[in-house]
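For the sequence shown, the working numbering begins at 162 and goes up steadily by one.
Ideal Cβ positions, reconstructed from N, Cα and C, are used throughout, including at glycine.
Every value quoted in this text rests on a predicted model; they were computed, and no experiment measured them.
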Amino acid sequence: MTLKATINASNISPELTKMNDNEFVLQIDSDDIQLSLTLDAVQIQILGLKCVHYIPDIEPKFAIASEEEVYRIPAKALVTLEDRDIQTLMRQIQCDELRECIWYMQDTVGFADKIINNMSKRAAEMMRDDLASYYGNQHPDTAELRRTEKARQATLNILNITNRLQSTGEISGF
């Protein structure tokens, strides 16, 4: 069920509470309304980076996050997963999403190697061939927007699957 609401409140009081390493509660109170959202660590990271990106003067000591960093920074943590966790994760991901994510994360040192080294020899060879034939020398930061957005969405889907597997204890997490 999807519930959409727009609230214009002049006196709101937001509060973020860390429940555990992967669960946060964002509480927003106003005169007549109380809203509580439970978010995971990746969602909080993305929210924080978007705040810094869209409101650059929110805190001068923070570096301004580019839109690309909003997606790439949380995904960089995937390289810290154990090999067995990567293999568990890959069983849940469609090949085209994995290919899109590897292409999108190509500037992250060790990212493609970590993923491809956990594939069978045949699957790894096919992935390398697919990457070369689909993208050639095209870089995600200079590619057409439609292609980059597709890769961003694939990366976000993989992060969501990672969080689900972590919350159920199927992988150790990052």
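Among the options, the one whose alpha carbon lies nearest that of residue i
i      : options                        : result
Thr199 : Asn183, Glu305, Arg313         : Asn183
Ile277 : Asp192, Gly209, Gln248, Met180 : Gln248
Asn318 : Leu250, Glu230, Gln188, Lys165 : Leu250
Asp165 : Leu196, Gln188, Asp201, Thr316 : The question names Asp, but residue 165 in the sequence shown is Lys. Nearest option by C-alpha distance: Leu196.
Asp244 : Gly271, Met266, Asn279         : Asn279
Cβ neighbour criterion (16 or more within 10 Å) applied to residue i
i      : result
Arg233 : buried
Arg313 : buried
Ile332 : buried
Sheet register partners of residue i (DSSP bridge)
i      : result
Pro175 : Ile189
Leu292 : Paired residue(s): none; Leu292 is not in a bridge.
Alpha carbon of residue i to alpha carbon of residue j, nearest angstrom
i      : j      : result
Trp264 : Phe185 : 31 Å
Leu210 : Ala285 : 33 Å
Asp268 : Ile189 : 37 Å
Thr329 : Ile254 : 16 Å
Glu310 : Asn181 : 31 Å
Gly271 : Ile216 : 32 Å
Cys212 : Lys179 : 18 Å
Presumed contact (8 Å Cβ cut-off) between residue i and residue j, rounded CB distance
i      : j      : result
Glu258 : Ala315 : 4 Å
Pro235 : Gln206 : 5 Å
Arg260 : Leu292 : 6 Å
Asp201 : Asn324 : 5 Å
Asn172 : Asp193 : Going by Cβ atoms, the distance from Asn172 to Asp193 rounds to 10 Å, so no, they are not a contact pair.
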